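Everything below concerns the one structure shown next.
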Amino acid sequence: MDALDRSHLIHLLQINRAHLRTLEVQSTTLGLHAPSHLAIQIADYQQQIATLETQLSQVLPAHNLPPRDYGTFVGRQAEFDQIHQLLQPYPRSRHHVITIDGIGGIGKSTLALETAYRYRDSYASMPAAERFEAIVWVSAKRLHLSAHGMHEQHQTFRTLTDLFVAIADVLEHPAINLARADEQRGIVERTLSQQRTLLILDNLETVDDEELLLFVRMVPDPTKVIVTTRHRIDVAYPIRLSGMPQADAYQLIEQEAQRKHVTLTPTIHTELWRRTGGLPLAIVWSIGLMGLGGSVESVLRRLSDGQSDIARFCFEASVSHIRQHDAHWLLMALALFATDASREALGVVAGLADDPFGRDMGLEKLLRLSLINKEGDRFSLLPLTREYALAEGSGYGDWMRAARTRWEQYFYSLVETFGGWSRDWTGHDRVERNLANIQAVLNSMIASLRYTESHDGSRTIAPESLEQTTIILEFIPRVARTCRIRGYWVECERLCLAAIELAKAINTLDYLGWRYYDVSRISYYRGDFSTAQQWAQESRSVWLRQQYVKGICNAERILGLIALRSGNLAEAARLINGSFSVYQATGEEDGLAHHLGSMGELAEHHGAIEAAKAWYEQA
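Per the working numbering, the sequence shown runs over residues -11 to 607.
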């Protein structure tokens, strides 16, 4: 059956449906007084309509879909299910317009195209009410990215008139093109109202036509519209795309590697997913480069280049809308954060602490442009977006240096207020929630220190970095305590070892004892009693030199517990009893619970359960 036969069937179906509606209205109006031949005519038309629908179901819907430019479609099943539900006819779905939005390269056009093909290919097997008799595709895409670079392409869709031309071609309705401009819209709306049509408007952000947006808002039932755009719009139900989950990304990587005859190890799979953030176009582009002979190392380096083709393709057009506005500063500020950021922190780092309105409007703009992600009231970037934003920030050196200082100060203040020995346990929740960012701040501060080399090859902190080193040494224990009590032992140990090296580099004992002691406790908790003993002895040595009684007691308590676990009961009793007596004599309340608990452990080990219970209750 050719297009002409199909068009004829559709025309007959429309005529028969119109006659049936007229007869049904007459029958309803006349009620019991309706003549018998009216019921016979209604049944006859119903039979003719059923026959035409059966004939029509054997053919594909009219369409102008471009060919698929990808292999087997991977992932996005949740989004497909949601779109399918939204494309149901009224009243099962009350939504006429759906937007698929997200940053460039996230797979918006591919998802829309695959959706259209699935409706086309399953036309015959779908319930009649869910079919689309026509699918119209128009694209405003201007740029195309491949492994060979970025290429401009002719933009065939710019205005509402261009959409009308496409509708006329697909629906084979030349009267639309022949009509006067002021009559076209009415003809199009009447034509669309006679059959279920799916309109797909690709890359709408590059179209500047208010009449088009008005038409989309008022599209007649039973028409459905899918819009793909980098810029969120408020006329539709949004489907927001983010990076692919790891499993789906791995499947896409494997598929593209096979297509391009590239061999990748599991480690490279993981690194590609991490560097691309699950951005489908970035995955395809990266493996395409490898297929052209690029080494894995060079491709991964290009993914970290904020000015690479993939970065510019995905972000340049969107960022051009916001340069040197509040949204621009917020984007570059967010790139400093290791993971995500709260609204408050982001405003402070961006220099908008005193302008919450400007901050919120800027964040809203970034969300509309799909440049940032939002979960709850926290904001984040994909890895490629972060690299682009950092490259963008290199052109604003003074501003970025000031922002980095605000970033460091914000988290130092947060830890100073809520970390360390605070009795507000909810404060530790805030430190833990921002732990990755805090660690990034510490890493940045440590990396910026300057050293001087001695004749013997040893390094000491340069005079200009002494003040910052002291700040870091006061910063670390507050963070380390949260890490220790919340179970981040690796991070706690790493921080303490860094502090030990810094304290040695400025030749001071003031910070060494407690850091030795913290590492000894972590080793003890792990059951590594030999290492725990070495660190505890180091801490005791420092505190003996400082004549710091409280510290000596703490070190000997740990040594006593190690002796207890090692079966040296006499030594354990001597150290634990002795450290408790001396500590109690100091009158110190802070830390006394640890000694009471250790006394309980000693009693429990000797089988004195009631005594142990009493010690634990006191602790």
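We treat Cβ as the ideally placed atom computed from N, Cα and C, and that holds for glycine.
Predicted, not measured: the structure shown is a model, and the values here were computed from it.
If you keep only unbroken beta strand (DSSP E) runs of at least 3 residues inside the stretch 436 to 478, you get 439 to 441, 447 to 449. Look at P268 here: in three-state DSSP terms it is helix. Counting only runs of 3+ residues, the beta strand (DSSP E) found wholly inside the stretch 133 to 184 occupies 137 to 140, in chain order. DSSP places Y225 in the uninterrupted beta strand (DSSP E) bounded by 225 to 228. The C-alpha of I546 lies about 27 Å from the C-alpha of F406. Following the DSSP letters along the chain, one finds F399 in no beta strand (DSSP E) but inside the alpha helix (DSSP H) bounded by residues 385 to 406. Within the same chain, Cβ atoms closer than 7 Å to the Cβ of R5 are found at I37, the five residues on either side in sequence being excluded. In this structure S527 is buried. Its beta-carbon is surrounded by 16 or more other beta-carbon atoms within 10 angstroms.
If you check the CB distance, A573 and G588 do not come in under 7 Å.
In the DSSP annotation of this structure, the continuous segment of the alpha helix (DSSP H) that includes D297 starts and ends at 297 to 307. Excluding the 5 residues flanking it on each side, T264 has same chain C-beta neighbours closer than 6 Å at A270, I271, in chain order. Remark: three or more beta-carbon pairs, one from each stretch, lie closer than 8 Å, so the stretch 190 to 202 and the stretch 145 to 153 are flagged as touching.
With a cutoff of 7 Å on beta-carbon distance, L187 and V124 are scored as near each other. CA-CA distance, E102 to V62, rounds to 10 Å. By the CB criterion at 7 Å, L354 and G346 fall outside the cutoff. Annotation for N361: no alpha helix (DSSP H) segment contains it, though the beta strand (DSSP E) segment containing it runs 361 to 363.
In this structure, G276 lies near A135, with their beta-carbon atoms less than 7 Å apart. The beta-carbon separation of L99 and E67, rounded to 6 Å, stays under the 8 Å limit for a contact. Taken through DSSP and simplified to helix, strand or coil, T60 comes out as coil.
Closest option to L372, judged by alpha-carbon separation, among P49, L461, R262: R262. Nearest neighbour of L189 by Cα position, chosen from V467, L322, L260, T144, turns out to be T144. Contact between Y111 and P49 is confirmed by a C-beta separation of about 5 Å, below the 8 Å threshold.
Residue pairing by DSSP places F68 opposite no residue, since no beta bridge is assigned to it. Judged by pairs of C-beta atoms under 8 Å, the stretch 210 to 227 does not touch the stretch 150 to 168, as fewer than three such pairs exist. Within its own chain, the residues whose Cβ lies closer than 8 Å to the Cβ of I175, once the five positions on either side in sequence are excluded, are H161, A163, I164, A167, listed in chain order. Boundaries cannot be given for I310, as no alpha helix (DSSP H) includes it and DSSP labels it neither H nor E.
Taken atom to atom, the span from the alpha-carbon of Q29 to that of L1 is near 16 Å. Taking 3 residues as the shortest admissible run, the stretch 309 to 358 contains the following complete beta strand (DSSP E) segments, listed from N- to C-terminal end: 328 to 330.
The C-alpha of T185 is placed about 11 Å away from the C-alpha of V207. Between the alpha carbons of I86 and L74 lies a distance of about 8 Å.
Sequence-distant Cβ neighbours of G335 in its own chain, meaning closer than 6 Å and more than five residues away, are A341, R347.
Collapsing the DSSP output to three states places S274 in a helix.
Around the beta carbon of R447, fewer than 16 other beta carbons lie within 10 angstroms, which makes this residue exposed. Residue pairing by DSSP places S127 opposite D190 in a beta bridge. For V419, the enclosing alpha helix (DSSP H) has its first and last residue at 413 to 421.
In the DSSP assignment, K96 falls within the unbroken alpha helix (DSSP H) covering 96 to 109.
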